[in-house]
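Peer 1: Heads up, the sequence shown is in this note's numbering, so the first residue is 1 and it goes up one at a time.
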Amino acid sequence: TATSHSLVVTLAAQSGEEYLCEIVGDAVEQGLLTQIKVLLPALPTRLAGTLTLNVTGWQYDSFAHVNLGPFVKDWEFIAPPTPQLDSESVLVSGEQREPLWVKKRAVGSQLA
1 TATSHSLVVT LAAQSGEEYL CEIVGDAVEQ GLLTQIKVLL PALPTRLAGT LTLNVTGWQY
61 DSFAHVNLGP FVKDWEFIAP PTPQLDSESV LVSGEQREPL WVKKRAVGSQ LA
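So, in structure tokens, the structure goes:
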């Protein structure tokens with residue numbers, strides 16, 4: 001018997017913001033377990049910490065229409081590391097500068 005699903009997956013922040021997640025592919029039935037793959041949206045780093053993952057929806061087969069969820073689980077968002085710059089590896093016009101934005105020598109000019 002074919003089973004169809006209509007699922008919605010969201011991430012909720014403590015601030016009240018909610019982000020819709022994309023379900024990738026079809027749900028896979030394995031006995032009483034249904035597996036889904038979810039693509040999370042790009043999140044602002046200020047949301048680093050615990051978010052709430054919510055899954056809701058319904059399942060339908062030839063016998064019944066069943067509401068699913070809500071299934072709620074804490075999910076930890078770990079922000080990416082802050083970029084670091086190794087200034088010794090950066091050359092400007094073939095030379096190192098300290099700090100990078102300061103010219104090594106003055107440029108002279110004359111007004112006519």
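Don't be surprised by glycine CBs; every beta carbon is placed ideally from N, CA and C.
1. So, for threonine 45: in the same chain, excluding its five sequence neighbours on each side, which residues have a beta-carbon less than 6 Å away from its beta-carbon?
2. At a cut of 8 Å, does the stretch 24 to 40 reach the stretch 80 to 94 through at least three beta carbon pairs?
3. Give the range of the beta strand (DSSP E) segment to which alanine 27 is assigned.
4. I need the boundaries of the beta strand (DSSP E) containing leucine 53, first residue and last residue.
5. Going by C-alpha distance, which of Asp26, Leu43, Glu88 and Tyr60 is nearest threonine 10?
Peer 2: On the basis of the supplied data:
1. Taking the sequence shown and counting its residues from 1, one reaches residue 45 at position 45. Counting only Cβ-Cβ distances below 6 Å, and skipping sequence neighbours, we find Ala79.
2. The stretch 24 to 40 makes no contact with the stretch 80 to 94; the number of CB pairs closer than 8 Å stays below 3.
3. As a position in the sequence shown, residue 27 is number 27, starting the count at 1. Going by DSSP, alanine 27 is part of the beta strand (DSSP E) stretching over 22 to 30.
4. Indexing the sequence shown from 1 puts residue 53 at position 53. Looking at the DSSP string, the run of the beta strand (DSSP E) that includes leucine 53 is 49 to 60.
5. The residue given as residue 10 occupies position 10 in the sequence shown. For the residues Asp26, Leu43, Glu88 and Tyr60, the minimum Cα distance to threonine 10 belongs to Leu43.
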